[in-house]
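Chemist: Encoded as structure tokens, here's the structure I'll be asking about.
The structure is reproduced here in structure tokens:
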């Protein structure tokens, strides 16, 4: 995670680990992102953020090891059924 952050010009400030349902995860993530005024949320893979990707990109960039989805990224309807990164 630190390498992904550094490669994208970010500094990893706080790590959130959860095995909760997406709804609970989204609320925890929103709280921490607001508390730390996060500019980006970094995940180890797209699948870790797939269910909450819209919430993330409404407020911050979503960074995966292979792609950056900027804040405000416009997800297309077909992305909701997408099983992986494009």
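Numbering (the numbering used here), first residue to last: 175 to 260. Glycine is no exception: its CB is placed at the ideal position from the N, C-alpha and C atoms.
If I'm right that residue 234 touches residue 217 with Cβ under 8 Å, what's the distance once you round it to whole angstroms?
Modeler: Not a contact, Cβ separation roughly 12 Å.
Chemist: How many angstroms separate the CA atom of residue 238 from the CA atom of residue 196?
Modeler: 18 Å
Chemist: Please identify the residue among 249, 245, 187, 247 whose C-alpha is closest to the C-alpha of residue 209.
Modeler: 187
Chemist: Is the CB-CB distance between residue 231 and residue 241 below 8 Å?
Modeler: no
Chemist: Can you round the beta-carbon distance between residue 179 and residue 190 to whole angstroms, since I take them to be within the 8 Å contact cut?
Modeler: Not a contact, Cβ separation roughly 14 Å.
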